[in-house]
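**Q** Here it is, the structure, as structure tokens.
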């Protein structure tokens, strides 16, 4: 009974807080554009609006198309149960859960790509192809980061690798962690379809990756997709923040504040990057992703050298 | 053992009977089906009672059976240990499914070919594969191995009126014969050192490290050609598309696994290898894995795509074997045991899901009459059974959770990560590179199967002709459903199979497996399956929520949104080549693209054409030049081959005479 309570409370945090950070990012972008911008809570309103709408389906599609948003949301929810949120320990942890985390993402992606191909539109096929391509490379960088982190912490569980149980010490492992953080940041931008890899805002189908894949989804389905995207960003950020700020005061409230502060800073950073940079040309994106891999790889080399 | 002998004798008698009654199609088909079911039933019974170490209903009378004859070196000596039993398990499951499917497939066959002989050969192939897996005498092993090659050649060339099929069979025959040469040499060296051709004595003999390296190289080439490691794989992409689908399933599910079995048997005999052998295997595994999946991405033909995926999966299996060997050389038993067990489990899983994929691809080809993915699309609605079964197979082969592929890939990852924790710096470099290779393989495989599934089954139909699509009946669907259920069963309840894999490892390495280790592996795996089932619950909950939210709204159906363009045709969809283009482009330095274009000319261009294909580097840049040289060289000895039988008999007599003179001297 206890574990179910833990998971539910974990989800409560994830579900309530995650859209907020998307709101923060767009607020930052509006600020840089010299606009007032939508409210911080705009993503919540969007979700509410979408959940009240009816969906339209293409005649070409099959059940895969309807199932993909549900699978996507279910996958990120399962993923969030494996990740500690600041002082809240992950309700599910076991040796090797990083592999499960990576494969759950893969499972969701498989269905996302299939759903895009299900519409039979060449736009969505194009988006699917690009998504598959870039995620392949970013998965490589993600795994390299995981190897380095597990090598540093001598554990293959997310909960032990990051956050409360194992304060990663920057004084000892500074260079390694710096490289990992740099690499992981690029992975976050890729996995969450942000600039400079992808543009979450434009409506030009030809330039987009993630947005064009969900072009045909509407109503509840689109709402699920949007919610899943928000949670995914939240989960990735909460993996990264404890690595950067391994501070532990012992006081739960303080630690939670530090964690949320870190999340805030991270979202603002993403917002600033989106405001000051343009999207990379498509044939340059793979270079960026290979850089992410190279950074993680060098982190590993440094760690091995320090051994 | 007696149960396995019953199964063997059923197969022998029935193959003879089918051969006798091959004129009557109906009789031979019925004979085939029922003897197949009976033989596989007895076989599975015996294998399971060995694996469970229990007497299931009938007493187990010994695990060995030997008939001593008067032939020198040869002895009919067979026996089941856990390693054999593990491979027999996958063999019986796959051959049962492929056989029933073959019955369903050939029932409607109305062509001129002699189906009876084909079915008899199927049973003969089963007999020799069983013999290879249980042989405890090297000569028996080699004889059965050689027969396996020849019989499978005849099965591959069923459609022998096509030039392409004959060529494929020829390549298969030649490639695998090169391997036999290495194997004969290897067993001779082992036999001379041990003083006996029996595996038991060989196993009891210590081999010095230098000799062990030589034996490893011979085993690697000999068995590697059969298993399809990357530079030696050229027969696979030819043989699989040429053969009927059920034979492809058997080839990919079982025959190439027999190569892995041979490699493990050789490891069990030699025991200690120098470190570099493991490292070499690991590197070749990574090359096969990444190379296989990249070539698979470049294919338009389903069965060729699946054939390259077999190479990829052999790579994954060999990653486990390689890390096991390195662990053994470092005396890190945990890593070694984990690596071998992971490799064994992936062997089983690959046999199951690859069988499923080949059979369902076969149903698609059966009803569309083409294997070219660019002419398919939208089949999910027309062939729902094949579509769903192919989807299950795809999810399994990508190693995605819920299905069996995930369990074994997870174990391979675990063993590699243990390698990172337990080795010295040299070992860490290789095991971490193997992890990177495996994650790349995983990502690319998911991409490739999302492409294959999406292009074949989703979207609109690209075919220009209107086909009358017809799904196979229950006798063709049944075997596929069986395989799909096993995929799901192992994915959700992995404990039994993991335990059997560890038993197989124990037989192969002779090391005792501590219970702590098994618990340390099965514990997290059970957690994984719990999390996955939990995810399933969430899925159900979210779908109910969605149902609730759209309650009361009518379902609106319309066309796909293509930004206002109205005149959309199916040919405008993304094709499999265009889907794979970006990723293949960044690997173009190691792939060999062949692009043919006819550019549009003039103000009113009439035609333009572009075709691109990915050619196999090792075939075009390695084997073709080598074979060319060999051909030129061997032309000089053409005068020996006169073509007259009398002359050949004279040769034989001459050599017998020389041998006699040598022996008497």
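Residue numbers (the numbering used here), protein chains in the order written: chain F, 1 to 307; chain W, 1001 to 1665. Note that CB positions come from ideal geometry on N, CA and C, so glycine has one too.
1) Note down, one range per segment and in chain order, each beta strand (DSSP E) of at least 3 residues found wholly within the stretch 85 to 137 of chain F.
2) Can you find the residues in the same chain that come closer than 6 Å, C-beta to C-beta, to residue 1377 of chain W, ignoring five residues on each side of it along the sequence?
3) By Cβ distance, which residues of its chain are closer than 6 Å to residue 1492 of chain W, with the 5 residues on each side in sequence left out?
4) For the beta strand (DSSP E) containing residue 1076 of chain W, list its first residue and its last residue.
5) Do the CB positions of residue 1246 of chain W and residue 1362 of chain W come within less than 8 Å of each other?
6) Looking at residue 7 of chain F and residue 102 of chain F, is the spacing between their C-beta atoms short of 8 Å?
7) Beta-carbon within less than 6 Å of residue 1420 of chain W's beta-carbon, same chain only, minus the 5 sequence neighbours each way: which residues are those?
8) Does residue 20 of chain F pass the burial test, meaning 16 or more other C-beta atoms within 10 Å, or should it be called exposed?
9) Give, in chain order, every residue of the stretch 1424 to 1447 of chain W whose Cβ lies closer than 8 Å to some Cβ of chain F.
10) Where does residue 1348 of chain W fall in DSSP's three states?
11) Since residue 1598 of chain W is in the alpha helix (DSSP H), which residue starts that stretch and which ends it?
12) Measuring only the C-alpha atoms, how far is residue 1020 of chain W from residue 1129 of chain W?
13) Inspect the CB distances between the stretch 1435 to 1450 of chain W and the stretch 1336 to 1352 of chain W and report whether three or more fall short of 8 Å.
14) Between the C-alpha atoms of residue 165 of chain F and residue 240 of chain F, what's the straight-line distance to the nearest angstrom?
15) At what residue ranges does the stretch 1607 to 1644 of chain W contain a whole run of the alpha helix (DSSP H), taking only runs of 4 or more?
16) Should residue 1606 of chain W be labelled buried (16 or more other beta-carbon atoms within 10 Å of its own) or exposed?
17) With distances taken Cα to Cα, identify the nearest neighbour of residue 276 of chain F among F/10, F/32 and F/11.
18) Tell whether a beta-carbon distance below 8 Å holds between residue 1575 of chain W and residue 1455 of chain W.
19) When DSSP labels each residue in this structure, what does residue 394 of chain F get in the three-state scheme?
20) Can the beta-carbon of residue 1311 of chain W be found less than 8 Å from the beta-carbon of residue 1369 of chain W?
21) Could you tell me whether any Cβ in chain F is nearer than 8 Å to the Cβ of residue 1560 of chain W?
22) Select from F/292, F/127 and F/108 the residue whose C-alpha is nearest the C-alpha of residue 116 of chain F.
23) Could you tell me whether the stretch 1040 to 1050 of chain W touches the stretch 1135 to 1148 of chain W, using the rule of 3 or more Cβ pairs below 8 Å?
24) Measuring only the C-alpha atoms, how far is residue 1600 of chain W from residue 1572 of chain W?
25) According to DSSP, is residue 1303 of chain W part of a helix, a strand, or is it coil?
26) Candidates W/1619, W/1652 and W/1183: which alpha carbon is nearest residue 1262 of chain W's?
27) Check each residue of the stretch 140 to 161 of chain F: if its Cβ is closer than 7 Å to any Cβ of chain W, include it; give the result in chain order.
28) Tell me the DSSP secondary structure of residue 1424 of chain W in three-state form.
29) From the DSSP output, read off the bridge partner residues of residue 58 of chain F.
30) Please look up how many angstroms separate the CB atoms of residue 150 of chain F and residue 98 of chain F, rounded, as I've assumed it's under 8 Å.
31) Using 8 Å for Cβ pairs, my map puts residue 1612 of chain W next to residue 1577 of chain W. What's the rounded Cβ distance?
32) Who are the neighbours of residue 1538 of chain W on chain F, taking C-beta pairs under 7 Å?
33) Does any residue of chain W bring its CB to less than 8 Å from the CB of residue 132 of chain F?
34) Can you check whether the C-beta of residue 310 of chain F is within less than 8 Å of a C-beta belonging to chain W?
35) Tell whether a beta-carbon distance below 8 Å holds between residue 1399 of chain W and residue 1409 of chain W.
36) Excluding sequence positions up to five away, which residues of its chain have a Cβ less than 6 Å from the Cβ of residue 1229 of chain W?
**A** On the basis of the supplied data:
1) Listed in chain order, there is nothing to give.
2) Closer than 6 Å at Cβ, skipping near neighbours: 1459, 1460, 1461 and 1462.
3) Same-chain partners within the cutoff: 1529.
4) Residue 1076 of chain W: member of the beta strand (DSSP E) spanning 1076 to 1079, first to last residue.
5) Yes, these two residues count as a Cβ contact at 8 Å.
6) Not in contact: residue 102 of chain F and residue 7 of chain F (Cβ atoms no closer than 8 Å).
7) Around residue 1420 of chain W: 1428, 1431 and 1432.
8) So residue 20 of chain F ends up on the buried side.
9) Look at the stretch 1424 to 1447 of chain W: the residues with a C-beta under 8 Å from a C-beta of chain F are 1425, 1428, 1429, 1432, 1435, 1436, 1439, 1440, 1442, 1443, 1444, 1446 and 1447.
10) Under the three-state reduction of DSSP, residue 1348 of chain W is assigned to helix.
11) Residue 1598 of chain W -> not in any alpha helix (DSSP H); beta strand (DSSP E) instead, spanning 1592 to 1598.
12) In a straight line, the C-alpha of residue 1020 of chain W is about 22 Å away from that of residue 1129 of chain W.
13) Judged by Cβ distances under 8 Å, the stretch 1435 to 1450 of chain W makes no contact with the stretch 1336 to 1352 of chain W, as fewer than three pairs qualify.
14) Its pLDDT being 48, under 50, residue 165 of chain F is placed unreliably by the model, and the measurement read from it follows with that caveat. In this model, residue 165 of chain F and residue 240 of chain F are separated by some 15 Å (Cα to Cα).
15) Fully enclosed alpha helix (DSSP H) runs of 4 or longer: 1624 to 1634.
16) Answer is exposed; the Cβ neighbour count stays below 16.
17) The candidate whose alpha carbon is nearest that of residue 276 of chain F is F/32.
18) A distance below 8 Å separates the beta carbons of residue 1575 of chain W and residue 1455 of chain W.
19) Absent from the structure is residue 394 of chain F, since the part of chain F shown begins at 1 and ends at 307.
20) Against a cut-off of 8 Å, the Cβ pair of residue 1369 of chain W and residue 1311 of chain W comes out as no contact.
21) Yes - at least one Cβ of chain F is within 8 Å of the one on residue 1560 of chain W.
22) Taking only the C-alpha atoms, the option nearest residue 116 of chain F is F/127.
23) In short, these stretches do not touch, since the Cβ pair count stays below three.
24) Those two C-alpha atoms are separated by around 19 Å.
25) Correct three-state label for residue 1303 of chain W: helix.
26) That would be W/1183, whose Cα lies nearest to the Cα of residue 1262 of chain W.
27) So the close ones are 140, 143, 144, 147, 150, 151, 154 and 156.
28) Three-state DSSP puts residue 1424 of chain W in coil, outside helix and strand.
29) Listed as beta-bridge partners of residue 58 of chain F by DSSP are W/1558.
30) A Cβ-Cβ separation of about 7 Å places residue 150 of chain F in contact with residue 98 of chain F under the 8 Å criterion.
31) Between residue 1577 of chain W and residue 1612 of chain W the Cβ distance is about 6 Å, and since that is below 8 Å, they are a contact.
32) By Cβ distance, chain F contributes 74, 77 and 78.
33) Yes, contact with chain W.
34) The displayed coordinates of chain F run from 1 to 307. Any statement about residue 310 of chain F would go beyond what the structure contains.
35) In contact: residue 1399 of chain W and residue 1409 of chain W (Cβ atoms closer than 8 Å).
36) Cβ within range, chain order: 1284 and 1288.
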